[in-house]
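One structure is given below, encoded as structure tokens.
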Amino acid sequence: MTAETGSRARQRERTRRALLREGRRLFAEHGYGGVGLSGVVAAADVTKGALYHHFEGKPDLFRAVLEEVQGEVADAVAAAADARRDPWDQLTAGCRAFLTASTAPDVRRIMLVDGPAVLGWSTWRSLDEAGAARHLREALTGLVRAGVLRPQPVPPLAHLLSGAMNEAALWLAGSGDPGDLDDVWAAFSGMLESLRSP
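Note that the sequence shown covers residues -6 to 191 in the working numbering.
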């Protein structure tokens, strides 16, 4: 690779990062419907041609932003779980980290409100399944095998817990009371405890 080619590649990556950064900021502030591509390119200080070089249009840009947000939440969940040694503690720490991360206004708006509406439930679900839901299913499978959880079918349990966490995160984000996280966690952890083997 020549120095000129490397320089162009770095510029392309800077342009892409600027579009993602400004797209995320605008989608979080105004919602998907309130954002136009002209506003994104103006905020990123690039041309529409540069945007179309990286993304097919607004839905494609939004999907890239959503994937970035989901990745950050997944990283927070993994970090919280990895900080624990006991598999049960890993599960509960990961679940709490998800609820905490999901209360951030930009995460709530992009991942939980606009994500399913813009991409459609099936596409949004498949993105969720590829990340957080898959890790939840793996953790639950390990806990069932180890006898920590009562024997039960894991796929429906994972979907139920994932849905409960998404709904709890939506409720928390709309409540506006920081103390509600503790109340939600008390209810959710009680649900988790009821699944444990006696």
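Glycine residues also receive a C-beta, built at the ideal position from the N, C-alpha and C atoms.
Straight through space, the alpha carbons of Ala110 and Leu12 are spaced by roughly 21 Å.
In the displayed model, Arg17 falls within a helix according to three-state DSSP.
Its Cα nearest to that of Tyr45, the residue Thr8 stands out among Arg14, Ser168, Thr8 and Gly156. For Asp53, the number of other beta carbons within 10 angstroms of its own is below 16, and it is reported as exposed. In this structure, the beta-carbon distance from Leu92 to Ala161 falls below 8 Å. According to DSSP, Arg101 shares a beta bridge with no other residue. Within the model, the alpha-carbon separation for Asp79 versus Ser187 is close to 18 Å. Here Arg7 carries a helix assignment [DSSP, helix/strand/coil]. As DSSP reads the structure, Leu142 sits in a beta bridge with Arg189.
His152 and Gly(-1) have their alpha carbons spaced roughly 45 Å apart.
Taken through DSSP and simplified to helix, strand or coil, Arg130 comes out as helix. Separation of Val33 and Val58 (C-alpha to C-alpha, rounded to the nearest whole angstrom) is 12 Å.
Note on geometry: alpha-carbon atoms of Arg89 and Arg1 lie some 42 Å from one another. Cβ-Cβ separation between Gly87 and Ala74: approximately 4 Å, consistent with a contact (criterion under 8 Å).
By the 16-neighbour rule on beta-carbons within 10 angstroms, Met184 is exposed. With a 10 Å radius around the Cβ and a threshold of 16 neighbouring Cβ atoms, Ser182 comes out exposed. The alpha-carbon of His23 is positioned some 34 Å away from that of Leu84.
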